[in-house]
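Student: Okay, here's the structure, questions in a sec.
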Amino acid sequence: MTDRDEAFAEYFAARSSAMRATAFLLCGDWHRAEDLVQQTFTKLYLRWNRVQRHESLDPYVRRVLISTFIDEGRWGWWRRERPQETRIERAAAPEPSDDRVTLLGALARVPARQRAVLVLRYWQDLSVEETAAALGCSAGTPIDR
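Below, the structure is given as structure tokens:
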């Protein structure tokens, strides 16, 4: 394994579960969250040598994750992967609490960019400026889509 691959593997091991939790809050589906994280880290791996400051990777990866989530919503259903007829058996997820169900339901009704703002501000605890940077806009920009 090269130094590049080792550095990437270390970063992936350290941050993938946090990014998966963020992706879940964005989309509300663990399987889709895993896909978003996989796409995000694939994009990061392809650009790994060009990322100059590895100490500031989190904001970059967060921005790629948000962009991937928002862009996925623009694709439409015909570009998404189709599941196979054979389902993979997995352990059942624990039953969520009533508050969690209410929160996730409310979050699902919010448009994608507004949902991204809520997740970044309240889950990731980012400032207004950091949230705007992650979304690629300036602070105070109305997010109505």
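If you read the sequence shown in UniProt numbering, its first letter stands for residue 1, the second for the next number, and so on. Where a beta carbon is used, it is the ideal one built from N, C-alpha and C, also for glycine.
#1: Might you give, ordered along the chain, the residues of its own chain that have their beta carbon closer than 6 Å to the beta carbon of Leu25, omitting 5 neighbours on each side?
#2: If Ala33 sits next to Ala18, beta carbons under 8 Å apart, how far is it from one beta carbon to the other, in whole angstroms?
#3: Just to confirm my understanding: we take Val128, look at its own chain, exclude 5 residues before and 5 after, and list those with CB closer than 6 Å. What are they?
#4: Pairs of beta-carbons, one from the region 104-113 and one from the region 37-52, closer than 8 Å: are there three or more?
#5: Taking Cβ positions, are Asp132 and Ile70 nearer each other than 8 Å?
#6: Expressed to the nearest angstrom, what Euclidean distance is found between the alpha-carbon atoms of Ala9 and Arg20?
#7: Excluding sequence positions up to five away, which residues of its chain have a Cβ less than 7 Å from the Cβ of Tyr11?
#8: Whole beta strand (DSSP E) runs in the UniProt domain "RNA polymerase sigma-70 region 2" (19-74) with 3 or more residues, listed along the chain?
#9: What residue from Val101, Val117, Gly28 has the CA that sits closest to Arg62's CA?
#10: Can you grab the Cα-Cα spacing for the pair Tyr60 / Ser67, in whole Å?
#11: For Val37, count neighbouring C-beta atoms within 10 Å of its own C-beta (all shown protein chains included) and say buried if the count is 16 or more, exposed if not.
#12: Taking Arg15 as the reference, which of Leu104, Pro142, Leu65, Glu130 has the closest Cα?
#13: In three-state DSSP terms, what is Gly136?
Tutor: Taking the coordinates as given:
#1: Here Leu25 has Val119, Trp123 as same chain residues with Cβ atoms under 6 Å from its own Cβ, once five neighbours each way along the sequence are excluded.
#2: Contact between Ala33 and Ala18 is ruled out by a C-beta separation of about 12 Å, above the 8 Å threshold.
#3: If the five residues before and after Val128 are omitted, its C-beta is found closer than 6 Å to the C-beta atoms of Ala139, all from its own chain and listed in chain order.
#4: In this structure the region 104-113 does not touch the region 37-52; the number of beta carbon pairs closer than 8 Å is below three.
#5: It is worth fixing the name first, because residue 132 is Ala in this sequence and not Asp. No, the pair does not count as a contact, with Cβ atoms beyond the cut-off.
#6: Rounded to the nearest angstrom, the two C-alpha atoms are 16 Å apart.
#7: Apart from sequence neighbours up to five positions away, the residues of its chain that approach Tyr11 with a beta-carbon distance below 7 Å are Leu57, ordered along the chain.
#8: Listed in chain order, there is nothing to give.
#9: Closest by alpha carbon: Val117.
#10: Tyr60 and Ser67 have their C-alpha atoms roughly 11 Å apart.
#11: When all chains shown are included, Val37 counts as buried.
#12: Out of Leu104, Pro142, Leu65, Glu130, Leu65 has the C-alpha closest to the C-alpha of Arg15.
#13: Here Gly136 sits in coil by DSSP.
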